[in-house]
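Reading through the structure tokens given below for one structure.
Number of protein chains: 2
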Amino acid sequence: MARTAGSHSDITGPRVLDAALRLFARHGYAAVSMRQIAKEVGVQAGALYNYTPDKQSLLFDLMKRHMEDLLAERAKHRGAGSALEQLEDFTRFHIRYHLDRSDEVFIAYMELRNLTPENFAEIEALRRDYENELEAILRQGEEEGVFAPADTRIETMAVIAMLTGVTTWYRAEGRLSAGEVERIYWDMVRKAVSV
Amino acid sequence: MARTAGSHSDITGPRVLDAALRLFARHGYAAVSMRQIAKEVGVQAGALYNYTPDKQSLLFDLMKRHMEDLLAERAKHRGAGSALEQLEDFTRFHIRYHLDRSDEVFIAYMELRNLTPENFAEIEALRRDYENELEAILRQGEEEGVFAPADTRIETMAVIAMLTGVTTWYRAEGRLSAGEVERIYWDMVRKAVSV
DNA sequence: AATTTAACTGAACATGCGTTCAGATCAAAG
DNA sequence: CTTTGATCTGAACGCATGTTCAGTTAAATT
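Line order of the protein sequences matches chains A and B.
The working numbering numbers the first residue of the first sequence as 1 and each following residue consecutively.
The working numbering numbers the first residue of the second sequence as 196 and each following residue consecutively.
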């Protein structure tokens with residue numbers, strides 16, 4: 001049997017990425033085989049190669065899509081306002097966005113070493129762009145005198161690490177809502193960088 | 196040829212763990228083969244099984260050793276003193292200890308999903324013990340009134356995530372010494388949890 | 001109704017995997 | 001000097017890997 005019904009290209013394509021996303025996040029890139037992905041999609045392994053040139057591209061495409069979506073969504077939030085307002089917006093945005101995409105976040109942080117050097121460089125550049133968004137806010141706050149003078153680069157890394165860490169323990173069915181988590185983290189971030 | 200000189204058991208044994216540590220940290224557990232480990236040690240793959248029952252035990256032993264060493268070293272630091280003093284000690288200890296063992300830390304965080312369920316539970320319990328050390332300090336500080344009343348469990352996770360994140364960017368040959376990094380992070384931690 | 005073509009199957013390719021084990025080697029013990 | 005036993009080799013086991021491709025199916029086009 002070949003195709004069982006209809007033209008599936010526009011259906012199967014996304015399903016391949018979806019399956020790869022879920023399986024990579026759960027078991028890790030190296031531990032997932034093309035045959036497992038194919039089984040999840042409901043096709044034979046060979047059929048995957050209608051939608052990706054190879055396994056590496058699957059990982060790269062997932063990461064690139066995630067980083068570009070993140071930057072695009074963040075761009076909508078970037079606005080005027082005081083550094084304090086902008087930092088609160090960034091903090092809440094980061095938490096909300098990352099809680100909604102735990103699989104993508106997991107992959108984006110854990111599978112960097114499974115990218116080829118060229119692919120790694122490209123993803124790393126996008127990540128750097130995102131970090132620079134926060135760093136710019138911190139620098140502005142220092143100039144306004146509302147944030148303590150400090151090493152903004154390290155502050156940036158520290159704040160992002162703290163915020164992203166929320167994905168390791170947060171469960172939607174847990175005792176705290178995403179909104180409450182946002183508030184708690186915003187409290188800590190605000191105090192940590194303030195004078 | 197078999198053995199080339201002398202009795203190597205007490206030399207080869209540690210070298211197997213060392214090689215596994217370095218390779219797992221660099222490429223990931225699933226991506227490293229027993230033959231690669233053997234090559235690094237300078238023996239054939241079969242010889243590894245004189246030192247480990249299987250590949251999984253290699254990963255588990257590395258993680259367990261790391262967590263137990265961490266807890267043992269931390270126990271030496273645990274003392275009396277104000278909550279603020281204890282928190283500073285914990286912060287500086289955590290950063291120093293983790294900067295000295297980037298490979299172990301990397302594995303301990305990235306390869307949890309490659310542990311069997313039983314092994315995972317054991318490592319997770321050790322990690323929880325360590326987190327509880329910090330949580331106890333934060334709770335004591337709240338009772339003393341020197342730390343802001345807050346959700347101590349979340350504060351714990353946030354602080355540890357922030358501190359451990361230092362391993363992702365710190366380079367010994369970089370512009371900052373470990374001592375300077377300790378001070379910067381301590382500044383942020385202190386402010387973040389204070390009233 | 002005939003033709004084209006996108007979508008997929010199923011088998012095959014070479015290579016690598018974790019693990020086992022009989023046999024070789026050589027330091028140490030008697 | 002002989003025996004013992006720890007240490008390691010080298011080959012083999014069955015199975016899984018990413019990827020390719022000739023052939024099959026059925027929807028879309030003529």
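Note that the Cβ used here is the ideal one computed from N, Cα and C, for glycine as well.
1) Looking only at DSSP bridge pairs, what is A:Phe147 linked to?
2) Check the Cβ-Cβ distances between B:Asp249 and every residue of chain A, and say whether any is below 8 Å.
3) With a threshold of 8 Å between beta-carbons, can A:Ser9 be considered close to chain B, or not?
4) Looking at chain A, which residues of the region 313-347 of chain B have a Cβ within less than 9 Å of any of its Cβ atoms?
5) Does B:Pro209 come out as helix, strand or coil in the three-state DSSP assignment?
6) Write down every uninterrupted run of the beta strand (DSSP E) in the region 221-302 of chain B whose length is 3 residues or greater and which is fully enclosed by it, in chain order.
7) Given a threshold of 16 other Cβ atoms within 10 Å of its Cβ, counted over all protein chains shown, does A:Phe144 qualify as buried or as exposed?
8) Classify A:Tyr49 as buried or exposed, calling it buried when 16 or more other Cβ atoms lie within 10 Å of its own Cβ.
9) Verify the CB distance criterion: does A:Ser57 have a CB-CB separation below 8 Å to chain B?
10) On the three-state DSSP scale, how would you describe B:Thr347?
11) Excluding the five sequence neighbours on either side, which residues of its own chain have a C-beta within less than 6 Å of the C-beta of A:Gln86, listed in chain order?
12) Measuring straight from C-alpha to C-alpha, what distance separates B:Asn314 and B:Phe255?
13) Express the C-alpha separation of A:Met162 and A:His66 in angstroms, rounding to a whole number.
14) When you compare only the Cα positions, how much space is there between A:Leu126 and A:Glu68?
15) What residue from B:Glu368, B:Tyr380, B:Val376 and B:Ala367 has the CA that sits closest to B:Ala169's CA?
16) Residues in the same chain with beta-carbon distance under 7 Å from A:Val181, minus the five sequence neighbours each way, listed in chain order, please.
17) Classify B:Arg287: buried if its beta carbon has 16 or more other beta carbons within 10 angstroms, exposed otherwise.
18) CA-CA distance, B:Gly374 and B:Ala367?
19) Excluding five sequence neighbours on each side, which residues of the same chain lie with their C-beta closer than 6 Å to the C-beta of B:Val300?
20) The alpha helix (DSSP H) that contains A:Thr167, what's its start and end?
21) Measure the alpha-carbon distance for B:Asp213 versus B:Leu310 and round it to whole angstroms.
22) If we call anything under 8 Å between Cβ atoms a contact, is B:Gly336 one with B:Ala278?
23) Please compile the residues from chain A whose C-beta is within a distance smaller than 7 Å of the C-beta of B:Met305.
24) Can you tell me the Cα-Cα spacing of A:Ile123 and B:Val341, whole angstroms?
25) With distance defined between alpha-carbon atoms, name the residue in A:Tyr29, A:Val43 and A:Gly28 nearest to A:Arg35.
26) Counting only Cβ-Cβ distances shorter than 8 Å, please list the residues of the region 359-390 of chain B near chain A, keeping chain order.
27) Which residues in chain A sit within 9 Å of B:Gly241, going by Cβ to Cβ distance?
28) Assuming contact is defined by CB atoms lying nearer than 8 Å, are A:Ala20 and A:Leu62 in contact in what I supplied?
29) Between the Cα of A:Arg113 and the Cα atoms of B:Val211, B:Pro209, B:Thr207 and B:Ala226, which residue gives the shortest distance?
30) Taking DSSP as the reference, what is the three-state secondary structure of A:Ala19?
31) If the cut is a Cβ gap below 7 Å, which residues of chain A does B:Ala353 touch?
32) Could you give the distance in angstroms between the alpha-carbon of A:Ala5 and the alpha-carbon of A:Pro14?
33) To the nearest angstrom, how far is it from the Cα of B:Val390 to the Cα of B:Ala343?
34) When the Cα of A:Arg128 is compared with those of A:Arg153, A:Met110 and A:Arg78, which residue comes out closest?
35) Write down the C-beta distance between B:Lys234 and A:Ala192 rounded to the nearest angstrom, noting that I regard them as a contact closer than 8 Å.
36) When burial is assigned at 16 or more other CB atoms within 10 Å of the CB, is B:Ala303 buried or exposed?
Looking at the coordinates:
1) A:Ser194
2) no
3) no
4) Within the region 313-347 of chain B, the qualifying residues are Ala343, Ala345 and Asp346.
5) helix
6) none
7) A quick correction: the sequence has Glu, not Phe, at residue 144 of chain A. So A:Glu144 ends up on the exposed side.
8) exposed
9) A:Ser57 has a beta carbon lying at 8 Å or more from every beta carbon in chain B.
10) Note: B:Thr347 maps to helix in three-state DSSP.
11) Ile137
12) 7 Å
13) 20 Å
14) 7 Å
15) Residue 169 of chain B is absent from the structure shown; chain B starts at 196 and stops at 390.
16) Ile95, Val166 and Tyr170
17) So B:Arg287 ends up on the buried side.
18) Just so you know, the alpha carbons of B:Gly374 and B:Ala367 end up roughly 11 Å apart.
19) His293 and Thr362
20) Val166 to Trp169
21) 19 Å
22) yes
23) Those within 7 Å of B:Met305 in chain A are Met110.
24) 42 Å
25) A:Val43
26) So the close ones are Thr359, Gly360, Val361, Thr363, Trp364, Leu371, Val376, Ile379, Tyr380, Asp382, Met383, Val384, Lys386, Ala387, Val388 and Ser389.
27) Result: empty, since nearest Cβ-Cβ is about 23 Å, beyond 9 Å.
28) yes
29) It is B:Ala226.
30) helix
31) Met162, Gly165, Tyr185 and Met188
32) Confidence in A:Ala5 is poor, its pLDDT being 47 and thus under 50, which makes the residue's placement unreliable; the coordinate value appears in the next sentence. In a straight line, the C-alpha of A:Ala5 is about 17 Å away from that of A:Pro14.
33) Distance between B:Val390 and B:Ala343, taken at the CA atoms: about 4 Å.
34) A:Arg153
35) The pair is not a contact, with the Cβ atoms about 46 Å apart (cut-off 8 Å).
36) buried
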